[in-house]
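Numbering (the working numbering), first residue to last: 1016 to 1259. Ideal Cβ placement from N, Cα and C applies to all residues, glycine included. The block underneath contains the structure these notes are about, expressed in structure tokens.
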Ligand code: HEM
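Here it is as structure tokens:
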């Protein structure tokens, strides 16, 4: 091995990890954030911990990019807004799909883990709360830009080729809304499977409340425009039938 190749193996970044990979990513600290094996209330608690922690990280990343997307919408940079929201939606596929991993914990075993959660509840999830915090501002800012351009949502959809940027952002926000509903749907099914549908959670919230939240739409105007488009198309068809 040449001297040069040897040098490349040595870390040059500051920090205490053995390699630059570990130093840059702070893997020592990150991997110390789970209980040691002998501290686990149940061996499945490791899965419970890493699923939650990794979901929090990914939701943090998604919310960060949604804040950037918000700034792009405010400055009429719709291409980058759509690109960032698309990325966020791809990231959210992770916490949605990894929920299913927890379905492999049996209800009996889960209660061993749950006994150590105190009042800990997903209602206090920083990642999910930051998504809920940015979501309405994204929707309102898009509507403001549409109105500022002298348009209505219906016109943006009707002439989507002329208003491609606004239409693209609107559709990506709809994808985001759908992701939030999908998370809530799969999370509800997980809760029903593990603790049941007619009980209260660790914070005293009945599981039925999760069902009500699942039906919440963030961007009502964007969903409603489709009803209007279909109603208009039906009216045109009926008018055509009468004319013929
Ligand atoms: C065994 C697995 C799980 C069970 C049994 C469960 C159960 C529950 C329950 C009963 C609630 C209602 C609030 C309360 O605790 O009183 C809740 C809320 C919540 N949980 Fe979980 N959960 C599980 C896993 C997860 C995971 C992996 C995440 C991902 C971070 C998560 C995120 C949330 C969020 C964000 C809420 C608030 C929901 C909303 O605003 O609609 N949960 N969970």
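(request) Buried or exposed for residue 1112, please, with buried defined as at least 16 other CB atoms from any protein chain shown within 10 angstroms of its CB. (result) Label assigned to residue 1112: exposed.
(message) Going by the DSSP bridge assignment, what does residue 1215 pair with across the sheet?
(response) Its beta-bridge partners are 1221.
(request) Using 10 angstroms around the beta-carbon of residue 967, count the other beta-carbons present and answer buried if the total reaches 16, otherwise exposed. (result) With the chain running from 1016 to 1259 in the structure shown, residue 967 is simply not present.
(message) Measuring only the C-alpha atoms, how far is residue 1239 from residue 1026?
(response) Taking the straight line from one Cα to the other gives about 56 angstroms.
(message) If you reduce the DSSP assignment to three classes, tell me which class residue 1059 lands in.
(response) The answer is coil: DSSP assigns residue 1059 none of H, G, I, E or B.
(message) Quick check: is any heavy atom of ligand 1 less than 6 angstroms from the C-beta of residue 1106?
(response) With a threshold of 6 angstroms, the Cβ atom of residue 1106 does not count as near ligand 1, since no heavy atom of the ligand is closer than that.
(request) Give the DSSP-derived three-state secondary structure of residue 1050 in the structure shown. (result) Residue 1050: coil per DSSP, three-state reduction.
(request) Just confirm the distance between the C-beta atoms of residue 1154 and residue 1234, as a whole number of angstroms; I'd bet it's less than 8 angstroms. (result) Residue 1234 and residue 1154 do touch by the CB rule: their CB atoms are close to 5 angstroms apart, below 8 angstroms.
(message) Looking at ligand 1, does it come within less than 6 angstroms of residue 1066, judged from the CB to the closest heavy atom?
(response) Under cutoff, so the answer is yes.
(message) With the cut-off set at 7 angstroms, would you say residue 1142 and residue 1071 are in Cβ contact?
(response) Cβ atoms of residue 1142 and residue 1071: closer than 7 angstroms.
(request) Quick one: grab the DSSP three-state call for residue 1120. (result) In the structure shown, residue 1120 sits in coil (DSSP, three-state: anything other than H, G, I, E or B).
(request) Return yes when at least one heavy atom of ligand 1 lies under 6 angstroms from the C-beta of residue 1218, else no. (result) For ligand 1, at least one heavy atom lies less than 6 angstroms from the Cβ of residue 1218.
(request) Would you check if the stretch 1169 to 1181 and the stretch 1239 to 1250 touch, i.e. whether three or more CB-CB distances between them fall below 8 angstroms? (result) Remark: three or more beta-carbon pairs, one from each stretch, lie closer than 8 angstroms, so the stretch 1239 to 1250 and the stretch 1169 to 1181 are flagged as touching.
(message) Tell me whether residue 1140, by its Cβ, gets closer than 6 angstroms to a heavy atom of ligand 1.
(response) At least one heavy atom of ligand 1 is nearer than 6 angstroms to the Cβ of residue 1140, so yes.
(request) Pick helix, strand or coil for residue 1232, following the three-state DSSP scheme. (result) The answer is coil: DSSP assigns residue 1232 none of H, G, I, E or B.
(message) Excluding the 5 residues flanking residue 1255 on each side, which residues of the same chain have their C-beta closer than 7 angstroms to its C-beta?
(response) Taken in chain order, the list of residues that qualify is empty.
(request) Identify the continuous alpha helix (DSSP H) that holds residue 1180 and give its terminal residues. (result) Here the alpha helix (DSSP H) through residue 1180 covers 1179 to 1209.
(request) Could I get the ranges of all uninterrupted alpha helix (DSSP H) runs contained in the stretch 1123 to 1151, with 4 residues as the minimum, in chain order? (result) If only complete runs of 4 or more residues are kept, the stretch 1123 to 1151 shows no alpha helix (DSSP H) anywhere.
(message) Just to confirm the assignment, what range does the alpha helix (DSSP H) spanning residue 1113 have?
(response) From DSSP, the alpha helix (DSSP H) with residue 1113 extends over 1093 to 1113.
(message) In the DSSP assignment, the alpha helix (DSSP H) including residue 1176 goes from what residue to what residue?
(response) Here residue 1176 belongs to no alpha helix (DSSP H), and DSSP marks it neither H nor E.
(request) Can you have a look at residue 1206 and say buried or exposed, based on whether 16 or more other CB atoms are within 10 angstroms of its CB? (result) In this structure residue 1206 is buried. Its beta-carbon is surrounded by 16 or more other beta-carbon atoms within 10 angstroms.
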